[in-house]
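Protein chains in written order, with the numbering used here: chain A, 41 to 478; chain B, 41 to 478; chain C, 41 to 478.
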């Protein structure tokens, strides 16, 4: 199970950015060869099992679509120059464009062009899943410079029965209770939304495999929406029984901010851990509502599904100007941005792993000095340590877990977890019910 | 069961104002001929059952009083002119005045006169239920103009055993669970407090009779306090078993504001519906506490009675300057004021009728387009519609009723109810437990 | 059981200050003759049972210490004058100082001296329970005036096996449920922290003995921390079964403010009563958190102990400048200060005694006039009385106790308790379950 490529975690941001750079040019869509190529590359990092679900399969209220494949697509200008070229940037072609090979005037062509007047240098990302059409996307600046004359448009694409693919890996832990990480691999060349998600998922996968685990971790790489629905339709019972917490991994690579979208329930273990980490260690984060949702939590938190899944992100989809354009690129997402996305999820997982209800083992306050927990020389910091420890002991009544103690006593997770470890080692607290700290 | 007179609801305010104008001059009191005359007129609109309870009947801690009847009452000035005349305005006579026929000086007369120096043009409304006395009310301006001399006062009244009357109508619905509407008919010539209450009750009665009903509706026209106690003493067990919500209908006719007094419990179905309608559709309403109560909710919400009854009003009793004076007249209460009072209660009732817990019927988000619920052409409004529908589907987990969904998703009832209807028609939501939308 | 000395409650502040003045010079410590002398003096006021627990007894995580006795301790200056003298002020000697008789230079002496540069006139209070050493405390002003030369230091002390003493009295009431009052007697010559606590405890004991009691009252006089742990280790099961509320009595004698530290649970009967009294009658009080704790609630509220014990104080330990210095003296604590400390606890206890859930005995509002509860002549105050009474009757539904009614209806305890008494006398309310007002 040793991967072909091992991430050096001292450089996690750089390494994930390098991997992202390799995956960036691939033309991904809901289905098709781009998805398979992406999963194949990720399999060098994680032992992914790649699943296939045939087109036409019913999944809840939906149907698995046909595969869309593009061999080439371009527009020739009146002088025969390839001025809009899918080979150069796969965003140039409207997703799910039907085949065409035709000459037309600029005026006719305009009906098939998409650009953003208010962002004149950006190529927009457009798809047309439900209505058959073809089209090209380009920068508004380029569009305005197009001369009158006859153009030739070629889309050499196929829409045919095939399969929907997704990758899955289970990293087992002490318990068969699972933490569920989901990310998606259906976007063409865009970086924050959405190669950053699979990058951080890959990093977390290798990191988790390298450490002792209380919980088992299931990571899936799926196409958004239809993939989540497909996965749920095949695994719902298992997920509902086993998943204790989970995250939808998306938009994890830029440098600007941190963001949070709760699960629908709002107070699951995933939510509590995420909020505890964010409030303490990233206090400037943006706190959204489930009403601001927009990714696979739409399926995971639907009534009757009700998985405990939240989203911790950097700049959230729909909220940053480069979203769904060619400006969401390898410069917007940076090594530090990815390292930060990886780090915040790592902290959430560490808190989930260490989240137990504790109970003091002695009645009344213990004599900390007996356990070497009382400082010989008092400093401001050691005084604060003693106060925090006495507070932990005073509130460890078996009813409050680590997250509750952090919040109640205003001790950030990064201080709290080692302190709970020390008290546990000293025999002054025990986990309820019986259990060890990971 | 067809009424003598049918209200034209396109003109509900005007029609109720016309009825009010006919009832205005009648001298109502807790008991007696004025009450009977009023009930008789209302019976032309609703099939009222008129009940009689003999004087002296014990009702809880109280006793049904004797009937007070007035044939005539006036004051003659030194020149023999009828200057204060019960025939001209029944507020001129203190309620429950004992008989008198006597000459006296102005100074002696003053001991029996009541006026409001700070509202010099208003005749105050005064009663003396518990202490035997006679007296006259007049404007302060008139009082100050009274010349010295000998006056003659005549009160030709009787206080004798009789009955307490009240009217009652039950408008049956699909369920024998009841919505209870109570209003009072014990005030002489005053309009907001209190002919507006019976007017709106009458309008609601005809409107309810004309539409399909999930619940049964019980409307009572009673004297305030002693009537409510009397009604409770005879029907408490039934009410406690059957009433799911109710409103005390009072002060529903002026044009100025809307007001709300909660039930004592504060979170009954009546309260939740009223607050949902008021916050969304009348956001400037005045939100009072049960500590500001002052009408029959004092009895309906007493410990051991505990009916789910709230008050939705226009200008609340005791809070507007004309309250309990001759200025609370047919000009203060207007057709638009009455129409507004009728409308707000109608909206509360519609929301109660449509209040169910809903559950989505499919797992994951449905594909709205399949049901014709996705707009062909996107507009700002259609986008908002889709968002609202997806939010409704995302939160319809069988645990939240219409009112909770309105509040949580910030969708006003007037938008929510048709939208729930559409989702229900499309088979995308179902009521929990089984049941149909009305 | 009649005490030797009876407090005159019309002068409670003065009498407690007089007693405090007699006890002030005694050198108290965790154990030893000073504690016994103090308990013996208090026994003239209350029938204390004095307990002995041998040194070396294990109590939870701790051990009962040996007895520390001091016969004399002083420093002679180069001219042989007794310049630092334990006989003059027992704060001059570091608590638990080991014996010494030695000459040394000023420089060597300095290593054993303690003073407060920022409070140059105060002698600090220092103890060294866990590390063997000797030392002297003095004002910084005196320290700076010490001339060079040879000094002689003498500490004639013993640390030997003995006993830990505490005093206890049970004042039985109708019920064997107990209110628990704990105070401590382990501090040398300091007044607010801590002779004021035993003073108020003594006053409350005599006051309680003189009135009818619904609850039984247990008062203990213990050394702080080790005494509380010792008491708990011997009585925990009984306390957990019987104690319905309690207070840790400390810092009750200065004139400046009132303070409150909740129990860990925060909403026990003691907390609710204290907050109700403080918010209504001492609205400027300082509201601390359990995280600000610092006295025996650390033991009483520890997990697994969980007694319902709060602290109502005047200036809280650690929060006033004179704390733990010689400035915490008989001038800082005043007769009015002590009277106020006594009074606030008395009010808390009165509220606890009268705290019952009430239920109205009639359905609907009663006719207050029948019971003489309706004023003949209306004044602003009598109007407020009627409103308050009607509100009490409207909310007395058997689910709300006196404290809840006070809060909900904004009626201060001092108004509420007599009013509940009147309604109870009139038969309009009854206690739930059956029970009489004390």
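All C-beta atoms in this analysis are idealised placements derived from N, C-alpha and C, irrespective of residue type, glycine included.
Keep in mind that this is a model prediction, so the values were computed, not measured.
{"Query": "With 16 as the cutoff for other CB atoms within 10 Å, does residue 311 of chain C come out buried or exposed?", "Result": "buried"}
{"Query": "Would residue 229 of chain A and residue 381 of chain A qualify as a contact pair, given that the criterion is a beta-carbon distance under 9 Å?", "Result": "no"}
{"Query": "For residue 407 of chain A, which residues in chain B fall below 7 Å Cβ to Cβ?", "Result": "Under the 7 Å cutoff, chain B gives no residues; its nearest Cβ is about 50 Å from residue 407 of chain A."}
{"Query": "In or out: residue 213 of chain C buried (at least 16 other Cβ within 10 Å) or exposed?", "Result": "buried"}
{"Query": "What is the residue span of the beta strand (DSSP E) that residue 285 of chain A lies within?", "Result": "283 to 289"}
{"Query": "How would you write the range of the alpha helix (DSSP H) that residue 458 of chain A sits in, first residue to last?", "Result": "453 to 465"}
{"Query": "Does the beta-carbon of residue 169 of chain A have 16 or more other beta-carbons within 10 angstroms, so that it is buried, or is it exposed?", "Result": "exposed"}
{"Query": "How long is the line joining the alpha carbons of residue 337 of chain A and residue 171 of chain A, rounded to whole angstroms?", "Result": "26 Å"}
{"Query": "Indicate whether at least one CB of chain C lies closer than 9 Å to the CB of residue 319 of chain A.", "Result": "no"}
{"Query": "Based on the DSSP secondary-structure assignment, which residues constitute the bridge partners of residue 375 of chain C?", "Result": "The partner list for residue 375 of chain C (beta bridge, DSSP) is empty, contrary to what the question assumes."}
{"Query": "Looking only at C-alpha atoms, which of A:122, A:399, A:210 sits nearest to residue 460 of chain A?", "Result": "A:399"}
{"Query": "Within 9 Å of any Cβ in chain A, is that where the Cβ of residue 435 of chain B sits?", "Result": "yes"}
{"Query": "Quick one: give me the first and last residue of the alpha helix (DSSP H) that residue 437 of chain B is part of.", "Result": "Counting along the chain, residue 437 of chain B falls outside any alpha helix (DSSP H), though it belongs to the beta strand (DSSP E) covering 437 to 441."}
{"Query": "Does any residue of chain C bring its CB to less than 9 Å from the CB of residue 400 of chain A?", "Result": "yes"}
{"Query": "Could you work out which residue in C:143, C:200, C:138 is closest to residue 96 of chain C when comparing CA atoms only?", "Result": "C:200"}
{"Query": "Along chain B, in chain order, which residues have C-beta atoms closer than 8 Å to that of residue 65 of chain A?", "Result": "Per Cβ cutoff of 8 Å: no residues; residue 65 of chain A is ~32 Å from chain B at best."}
{"Query": "Which word fits residue 25 of chain A, buried or exposed, when buried means at least 16 other C-beta atoms lie within 10 angstroms of its C-beta?", "Result": "One cannot answer for residue 25 of chain A here, as it falls past the ends of chain A, which runs 41 to 478."}
{"Query": "Express the C-alpha separation of residue 359 of chain B and residue 182 of chain B in angstroms, rounding to a whole number.", "Result": "26 Å"}
{"Query": "Can you tell me which of C:469, C:245, C:98 puts its alpha carbon nearest to the alpha carbon of residue 269 of chain C?", "Result": "C:98"}
{"Query": "What span of residues does the alpha helix (DSSP H) with residue 61 of chain B cover, start to end?", "Result": "52 to 63"}
{"Query": "Going by DSSP, what residues sit across from residue 349 of chain C in a beta bridge?", "Result": "C:286"}
{"Query": "Determine the burial state of residue 157 of chain A: buried for a count of at least 16 other Cβ atoms within 10 Å of its Cβ, exposed for fewer.", "Result": "exposed"}
{"Query": "Counting only C-beta atoms, is residue 431 of chain A closer than 9 Å to chain C at any point?", "Result": "yes"}
{"Query": "Is DSSP giving residue 446 of chain A helix, strand or coil here?", "Result": "helix"}
{"Query": "Could you tell me whether the Cβ atoms of residue 372 of chain B and residue 408 of chain B are closer together than 9 Å?", "Result": "no"}
{"Query": "Does residue 456 of chain C get closer than 9 Å to chain B when you measure Cβ to Cβ?", "Result": "no"}
{"Query": "Name the DSSP beta bridge partners of residue 247 of chain C, please?", "Result": "Answer is none; residue 247 of chain C lacks a bridge partner."}
{"Query": "Looking at residue 405 of chain B and residue 101 of chain A, is the spacing between their C-beta atoms short of 9 Å?", "Result": "yes"}
{"Query": "Take every Cβ of the segment 313 to 328 of chain A, pair it with every Cβ of the segment 265 to 280 of chain A, and state whether three or more of those distances are shorter than 8 Å.", "Result": "no"}
{"Query": "Determine the extent of the beta strand (DSSP E) in which residue 471 of chain C is found, giving its start and end residues.", "Result": "469 to 472"}
{"Query": "Determine, for residue 424 of chain C, whether the minimum Cβ-Cβ distance to residues of chain B falls below 9 Å.", "Result": "no"}
{"Query": "Within the 9 Å Cβ cut-off, does residue 273 of chain C reach chain A?", "Result": "yes"}
{"Query": "State buried or exposed for residue 387 of chain A, treating a residue as buried only when at least 16 other CB atoms are found within 10 Å of its CB.", "Result": "buried"}
{"Query": "Within a Cβ cutoff of 7 Å, which residues of the same chain sit near residue 90 of chain B, ignoring the five residues on either side of it in sequence?", "Result": "79, 205, 207"}
{"Query": "Distance, Cα to Cα, residue 45 of chain C vs residue 448 of chain A?", "Result": "48 Å"}
{"Query": "Give me the Cβ distance between residue 179 of chain A and residue 160 of chain A, rounded to the nearest whole Å; I'm assuming they're in contact under 8 Å.", "Result": "6 Å"}
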